[in-house]
Structures are given as structure tokens and as C-alpha cells.
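There are 2 protein chains.
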Amino acid sequence: MHTISTAEENYLKAIFTISEKEGKAAATNAIATVLNTTAASVTDMLKRLAEKDLIAYEKYRGVLLTPAGERLATFLIRKHRLWEVFLVEKLGFSWDEVHDLAEQLEHIHGDALVERLDEFLGHPRFDPHGDPIPDAEGRWTYRSQVLLGALDAGKRGVITGVEDHSPAFLQYLDHLGLVLGAGITVLERFPYDQSMRVSADDGTERILSEKVSQNLYVKPTI
Amino acid sequence: MHTISTAEENYLKAIFTISEKEGKAAATNAIATVLNTTAASVTDMLKRLAEKDLIAYEKYRGVLLTPAGERLATFLIRKHRLWEVFLVEKLGFSWDEVHDLAEQLEHIHGDALVERLDEFLGHPRFDPHGDPIPDAEGRWTYRSQVLLGALDAGKRGVITGVEDHSPAFLQYLDHLGLVLGAGITVLERFPYDQSMRVSADDGTERILSEKVSQNLYVKPTI
DNA sequence: AAATATTTTTAGGTGAACCAAAATATTTTT
DNA sequence: AAAAATATTTTGGTTCACCTAAAAATATTT
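Shown next as C-alpha cells:
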């Protein structure tokens, strides 16, 4: 029947993410890298997923999700992000601690559970990292956000998300006092190393490296 | 390393439950029955668990948990019951709906998660079925409860738990208005079929079958 | 276009967790 | 204490999800 293993679910999510980002079929090697496994194992699994009609697979041509596969992947992301909200909002975890737990929780099966959790959390539309949470029908909320690095001097934005989800980056942002929803104004840009001087809404000023500004999303406000 | 699979965890829990109830080593067949598998599969797994020093296994003699195995089993039950409280208290599930979900959730790994969940729930000591929740150190709360069927006419008790955890029984109790914490007085016992006439604290009277009174625990109050 | 490099697949294994059927132990009955 | 019944283990499979090494296909360089 339509039973699906944790391993299969992880492949679907990886294929979704890769093909989304690259805008084309996900390559065997790319999947292997994301899942920390070998190309041979990936080929193995791709055959099984194709058999189940969850992916469109052509040898040597990479893979795309079928509508059924995409539905499952979207729902996994929905679950992952709802659990992240739960862990942060209800259990008091910080945004750099929740990924591994959500990675486990996303594999819990039960439609009623997800919908009741969503309800309990107040139907959040974004997770603690600012990533959108698909709704019960799999619809995504889009948002106009740009990398902070794309803002010219004098422009202001509100922090909406991160590109890099690593604990190291998230902790560094905490240290810098940069949290989702905070306003940030670019005061000056230094072409030499692409760093920038910014101010928070309380007037505090900081220098941010290119690496930080290239991994932080803002919604421009002016 | 000390990594443990979901299958192994389920065996530990089964062995714990059986040897607890029987007061002796759990037999291969008993484990197979509980886990809905075959004796051959059980023997297979027992070897692996013995190898990991989680059980004391002697061929043809049944198994007991080692202290390490018992610690793991206790912690699994802790997780299962805490998640049940969460599902009922926070997500609004009824007590007959939560078993399968908790069965999945108990396998989520993360000490911090369990302790924060426990905190979030207010350190509950009993789950929605009245079963005790071991504390973070694995200690159990004991309670003096007897089967309703053991109460003589004229005696009163407070409903504290169930022996039968089946949805059918739980739903029937809901139907009868018998919930945990409710007071119940035995008015009359009918030796013919071991049924009894009881009254709730609001005076409502009912006839309960032997089957009901043998599956419902009460704490005697008079 | 040939040579080289890279990517992907195939071939042949592994261990975990299951199974049915056969063999062996243990327990119960006679 | 045999015989019969029951319980358990062993034997020889299976599938899933992984692996390494070799082969084949594709892409890139010369």
C-alpha cells in the first residue's frame, strides 16, 4: 500500500530541495551529498522511488518529483517546520537547537496530529528561521525578501530569514542581536571586503562581514 | 556505540511489560505475541539484545532485562506517557486516540526534549489512562488502587485507571460517563452475573457488567 | 574528434529485521 | 519413564538500505 519509509521520505525531501534550488532535475551526486551517502546507494533508492511513482527518473538524467512525490515532500516540510515552531515557541528551545529534533519528528505519521498541532500553534506561516510553512493543502506563502547584501547604503529592511541554517551562524546572529522581525539599516558599504556598517532600530551600530550579509534575508522597507 | 533501533526499543518495552506482569522471565512466545511477530524473529533479536547487554538471555529459559535494559525500557514508557499527556491535554485528542501516535513519538531521541516536554506539561505523574509516569531518574509513583470489582456494596472509590486500554473500552467508559477522578459508589452487587449497581457522585445510577468492573481501577475512599 | 575527467550505474556484498519449515529442548500427559 | 504436546531454536530464505569497486555513460578538455 502507500506506506513510506523514513529513508524514502528523506530522499523525497532532498530531491525537492535540490530541484527547487537548482531549478532542474536533481543529480545523483547532489542527492548523495545532501544525504551523506554514496551515489550507488542513491541510484538504488531512485529505482525504488520510481517504482512507486514518486519520482520521474531517467538514467543519467537526474530526477524530479511526480505530483505525488511533491505532495509528500511538501507535507514533510510542513511537519518539520511546524515541529520547529513547537520546539521554540512551546518548549523554549533556541532556533539553533531544533533542526535535529524536527528531523525526527517530521517522520511521525498522522494527519490529525499535524492539523491539531498547527491549530495549537495558531497556524504559523513561518518557522523560527523565517522559512514558510505550507498550509494543509500544500500551498506556500511567498514573500519578497532579498539578501541583506543586496541593500544599498541608506536602505532599511526587516530581518525575515536566513540562508545558512547552521547553528554557528544562528548563534552568531544571536550574539549580534540580529533576530527575525528586527529592523536593520545599511549605513555604509565597504567595497574592499564587501562588509557593511548597519544600525538596529535602537541606533546600535555594527559592522557585518560579507558572509553575514550574504546569509541574511531582509524585506526592504524603504 | 550505544545507538538503539526502534525495533530493539520495542522489544525492550515488551520484555519489560511481560516480565513485570508475569513476575518472571519473559518467554519467547509471549514476546512474539505482544509484538505481533514470530518466535523465530524473537530468538533472532534476543541474541542481538543479549550481545548489547540489554537483556539476560539463556536459551529456552526466557529473558529478563539487565539494569541497562530496564533503564531504557523505563525511559521509553516515560516518553510514551508524557507524549500521551501532551496529545490529550494540549492537542485535544481523546484518551482512546493517542496510543498509536505515542507509540511513534516514544522513539524520538533527545533527553532535552523529554525534560522540556515534562516541564511544559507541569511534571504530570499519571498519563490520561491513569498509568504512572516514571520521573527523570526512572522512579515510579505507586498508588493503592484496586479493581472496582473488588469493592463491596456500600463502598466508595475514585476512578484512577484502566486495565483494558482498548479504544472500545475507553469509548464505552466515556459513554457511561466514567472518567478518571470521578467518584463511584457500589450500591448493590449481583452474584448471579457479577454485575453491580453503582452511583456517581451526582446520584446517577448505573448497572456495570463484570467485564467493566474487572477493567476499571479505583482508589477506595471509605 | 579523440582523449581525459567526471558522473552514474551495475555487480556483488553486508547487516538488520523479518519469515516458514525443520530440528531440537522442554514440559506435560499418560 | 515413555510418549505426546508444546515451546524454542536453527536453518535457510527475503527485503530494505546501505557499501566498495568495476563498468559504462556523459561531459569536458585538448
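Protein chains in written order, with my numbering: chain A, 1082 to 1303; chain B, 1082 to 1303.
Beta carbons are placed, not taken as given, at the ideal position from N, Cα and C, and that holds for glycine.
Within chain B, the residues that residue i reaches when beta carbons sit closer than 7 Å
i, result
"A/Ala-1171", "It should be pointed out that residue 1171 of chain A corresponds to Lys in this sequence rather than to Ala. By Cβ distance, chain B contributes Phe-1201."
Pick from the options that is closest to residue i, judged by C-alpha positions
i, options, result
"A/Leu-1274", "A/Leu-1268, A/Lys-1292, A/Leu-1257 and A/Gly-1262", "Reading off the sequence shown, one finds Asp at residue 1274 of chain A, where the question assumed Leu. For the residues A/Leu-1268, A/Lys-1292, A/Leu-1257 and A/Gly-1262, the minimum Cα distance to A/Asp-1274 belongs to A/Lys-1292."
"A/Phe-1271", "A/Leu-1289, A/Ser-1280 and A/Ile-1265", "A/Leu-1289"
"B/Glu-1151", "B/Asp-1233, B/Val-1115, B/Lys-1094 and B/Ala-1193", "B/Lys-1094"
"A/Ile-1158", "A/Thr-1285, A/Glu-1218 and A/Ala-1263", "A/Glu-1218"
"A/Glu-1196", "A/Trp-1164, A/Pro-1209 and A/His-1180", "A/Trp-1164"
"A/Trp-1176", "A/Arg-1129, A/Phe-1201, A/Glu-1132 and A/Leu-1261", "A/Leu-1261"
"B/Leu-1254", "B/Arg-1237, B/Arg-1287 and B/Ala-1088", "B/Arg-1287"
"A/Glu-1184", "A/Gln-1295, A/Leu-1259, A/His-1083 and A/Tyr-1092", "A/Tyr-1092"
"B/Thr-1087", "B/Ser-1294, B/Leu-1186, B/Leu-1228 and B/His-1246", "B/Leu-1186"
"A/Lys-1305", "A/Lys-1102, A/Pro-1148 and A/Glu-1089", "Any property of residue 1305 of chain A remains undetermined from this structure, which presents chain A solely from 1082 to 1303."
"A/Leu-1130", "A/Lys-1171, A/Asp-1192, A/Val-1166 and A/His-1083", "A/His-1083"
"A/Asp-1212", "A/His-1256, A/Lys-1171, A/Ala-1231 and A/Lys-1160", "A/Lys-1160"
"A/Phe-1201", "B/Ala-1149, B/Lys-1105 and B/Leu-1172", "B/Leu-1172"
"A/Lys-1105", "A/Asp-1245, A/Tyr-1138 and A/Ala-1149", "A/Tyr-1138"
"B/Ala-1231", "B/Glu-1103, B/Thr-1222 and B/Ser-1276", "B/Ser-1276"
"B/Thr-1155", "B/Leu-1251, B/Leu-1135, B/Ala-1111 and B/Gly-1203", "B/Leu-1135"
"A/Ser-1247", "A/Thr-1118, A/His-1190, A/Ala-1121 and A/His-1210", "A/His-1210"
Under 9 Å by beta carbon: chain A residues contacting residue i
i, result
"B/Gly-1211", "None at all; the shortest Cβ gap to chain A is about 23 Å."
Neighbour list for residue i in chain A, Cβ cutoff strictly below 7 Å
i, result
"B/Ile-1085", "The premise fails here: B/Ile-1085 is roughly 14 Å from chain A at the closest Cβ pair, so nothing lies under 7 Å."
"B/Arg-1162", "Near B/Arg-1162 there are no residues of chain A at all, since even the closest Cβ is about 17 Å away, more than 7 Å."
Proximal chain B residues relative to residue i, where beta-carbon distance stays under 9 Å
i, result
"A/Gly-1191", "Asp-1181, Leu-1182 and Gln-1185"
Closer than 7 Å to chain B by CB, residue i
i, result
"A/Leu-1145", "no"
"A/Arg-1197", "yes"
"A/Leu-1194", "yes"
Residues near residue i by beta carbon distance below 8 Å, same chain, minus five either side
i, result
"B/Thr-1124", "Thr-1109"
"B/Phe-1174", "Leu-1168 and Leu-1182"
"B/Val-1115", "Ala-1095, Thr-1098 and Ile-1099"
"B/Ala-1263", "Val-1239, Ile-1240, Ala-1281 and Asp-1282"
"A/Met-1126", "Ala-1088, Glu-1089 and Tyr-1092"
Sequence-distant residues of the same chain with beta carbon closer than 6 Å to residue i, five excluded per side
i, result
"B/Ala-1107", "Ile-1096, Ile-1099, Ser-1100, Gly-1143 and Val-1144"
"B/Asp-1216", "none"
"A/Glu-1269", "Ala-1234 and Arg-1278"
"A/Leu-1229", "Ser-1294, Leu-1297 and Val-1299"
"B/Arg-1220", "none"
"A/Thr-1118", "none"
"A/Val-1267", "Leu-1232, Ala-1234, Lys-1236, Met-1277 and Val-1279"
Residues near residue i by beta carbon distance below 7 Å, same chain, minus five either side
i, result
"B/Gln-1226", "Thr-1241, Gly-1242, Tyr-1298, Val-1299 and Lys-1300"
"A/Ile-1303", "Lys-1236 and Arg-1237"
"A/Arg-1162", "Asp-1208, Asp-1212 and Ile-1214"
Supposed contact pair residue j and residue i - C-beta distance, whole angstroms, cut 8 Å
i, j, result
"B/Ile-1085", "B/Leu-1194", "About 16 Å separates the two Cβ atoms, so there is no contact after all."
"A/Pro-1205", "A/Val-1179", "13 Å between Cβ atoms; not a contact."
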